[in-house]
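> Submitted below is the structure of interest, expressed as structure tokens.
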Amino acid sequence: MNIRISFIILTWNCNRYINKCIDSIIRACRTEEVAFEIIIVDNYSVDGTRDIVKDYQERLPEVVVAFYLDANKGTTFTRNIGIKKSRGKYICILDSDAEILSGSLTDILQLMRNDHALGIVAPKLVLPDGQIQNSVKKFPSLLGKLAKLPKIFFGWKMPNADFYADFPFQKERKVDQAISACWFLRKEVIDCVGLLDEKIFYAPEDMEYCRRMKDFGKNILYYPDFVVLHNTQQISHKNPFSKVSISHFWGLLHYYRKYGGWISPK
Numbered sequence: 007m008n009i010r011i012s013f014i015i016l017t018w019n020c021n022r023y024i025n026k027c028i029d030s031i032i033r034a035c036r037t038e039e040v041a042f043e044i045i046i047v048d049n050y051s052v053d054g055t056r057d058i059v060k061d062y063q064e065r066l067p068e069v070v071v072a073f074y075l076d077a078n079k080g081t082t083f084t085r086n087i088g089i090k091k092s093r094g095k096y097i098c099i100l101d102s103d104a105e106i107l108s109g110s111l112t113d114i115l116q117l118m119r120n121d122h123a124l125g126i127v128a129p130k131l132v133l134p135d136g137q138i139q140n141s142v143k144k145f146p147s148l149l150g151k152l153a154k155l156p157k158i159f160f161g162w163k164m165p166n167a168d169f170y171a172d173f174p175f176q177k178e179r180k181v182d183q184a185i186s187a188c189w190f191l192r193k194e195v196i197d198c199v200g201l202l203d204e205k206i207f208y209a210p211e212d213m214e215y216c217r218r219m220k221d222f223g224k225n226i227l228y229y230p231d232f233v234v235l236h237n238t239q240q241i242s243h244k245n246p247f248s249k250v251s252i253s254h255f256w257g258l259l260h261y262y263r264k265y266g267g268w269i270s271p272k
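Under the numbering used here, the residues of the sequence shown are numbered 7 to 272, in order.
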């Protein structure tokens, strides 16, 4: 089979969501007759996620490929495994707690095929309560990031300077960055720009990759005609002293050492 698109899914203790995620991919691709594969890389889940994935492997061996790690390796290393194993001309990086709701895969693939300046196409994300997730941002300064510490540590309500003011979520628009809950990319662009930065364990791998795309002259496009449900779990915000939160902090320092923008965004 000539695979057109490879879906890369990182799993980690997501037994509540992974079957809905996989089913939504299968439904979308079969409806439009798009040849696809689903590559799942499991980050040492212990909640039954692996059993669910193995069941899909057994039932759909021509579609579902899975790799099982013996430890939690973070986001970048794990997703890179999936990218390197992929056979599709196009890649979709999709969170395990996301589901494709509506929109045309064919239209997105044609959009990327026709516009070689596109680096990433990021669809509209909606939350379980129906609200649109604020998934696109400006590049922030480190000072701006530090200004959010009271919100993280004390739960204070504060404006987020990263977000665009009055963003038109119903309109297609180029943006600085989009969260990686769902990204569409051309494989040849990844070959040019490189894989995800494995010096970042958990985050901000999406901000770094969008910045690198920009530096290579590629655009990040917010595309609201394709809609994805995101059951966002906000792992890093649950405990500011957790391993994940601390790794996020080190990831931010790595980003600003690499690109600058300590006081104002670059």
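No residue lacks a Cβ here, since even glycine has one placed at the ideal position from N, Cα and C.
(1) Spatial neighbours of S186 within its chain, please: C-beta separation below 6 Å, excluding the five flanking residues on both sides.
(2) List the DSSP bridge partners of E43.
(3) From Q116 to L191, what does the alpha carbon distance come to, in whole angstroms?
(4) Taking the alpha-carbon of Y228 as reference, which of N237, C216, T238 has the nearest alpha-carbon?
(5) Is F207 helix, strand or coil by DSSP?
(6) Under the rule that 16 or more other beta-carbon atoms within 10 Å means buried, what is G125, buried or exposed?
(7) Within the continuous beta strand (DSSP E) that includes S108, where are the two ends?
(8) Over the uninterrupted alpha helix (DSSP H) stretch that includes F232, give me the two end residues.
(9) Can you give me the Cβ contacts of V47 inside the same chain, cut-off strictly under 6 Å, excluding the 5 residues immediately before and after it?
(10) For S251 and I206, I'd like the C-alpha separation in whole angstroms.
(11) From Y23, Y265, L235, Y262, pick the residue whose C-alpha is nearest to that of L133; which is it?
(12) Excluding the 5 residues preceding and the 5 following S242 in the sequence, name in chain order all residues of the same chain whose CB lies nearer than 6 Å to its CB.
According to the data block:
(1) Numbered from 1 along the sequence shown, position 180 holds the residue referred to as residue 186. Same-chain partners within the cutoff: I99, D212.
(2) Position 37 of the sequence shown, counting from 1, holds the residue named residue 43. Answer is S12.
(3) Position 110 of the sequence shown, counted from the start, is the residue given in the question as residue 116. Position 185 of the sequence shown, counted from the start, is the residue given in the question as residue 191. For Q116 and L191, the distance between alpha carbons rounds to 12 Å.
(4) Position 222 of the sequence shown holds residue 228. Of N237, C216, T238, the residue nearest in Cα terms is C216.
(5) Counted from its first residue, the sequence shown places residue 207 at position 201. Three-state result, F207: coil.
(6) One-based indexing of the sequence shown puts residue 125 at position 119. With 16 or more Cβ atoms within 10 Å of its Cβ, G125 is classed as buried.
(7) By 1-based counting over the sequence shown, the position of residue 108 is 102. First-last of the beta strand (DSSP E) with S108: 104-108.
(8) On the sequence shown, residue 232 is found 226 positions in, with the first residue counted as 1. Counting along the chain, F232 falls outside any alpha helix (DSSP H), though it belongs to the beta strand (DSSP E) covering 225-236.
(9) Counting from one through the sequence shown, the residue named residue 47 turns up at place 41. So the list reads L16, F73, T84, I87, G88, once near-sequence residues are dropped.
(10) Position 245 of the sequence shown, counting from 1, holds the residue named residue 251. Position 200 of the sequence shown, counting from 1, holds the residue named residue 206. Their Cα atoms are separated by approximately 12 Å.
(11) As a working mapping, residue 133 is identified with position 127 in the sequence shown. If we check each option's Cα against that of L133, L235 comes out closest.
(12) By 1-based counting over the sequence shown, the position of residue 242 is 236. With a pLDDT of only 46 at S242, under the threshold of 50, the placement of this residue in the model should not be trusted; the figure read from the coordinates follows. Correct list, in chain order: V250, S251, H254.
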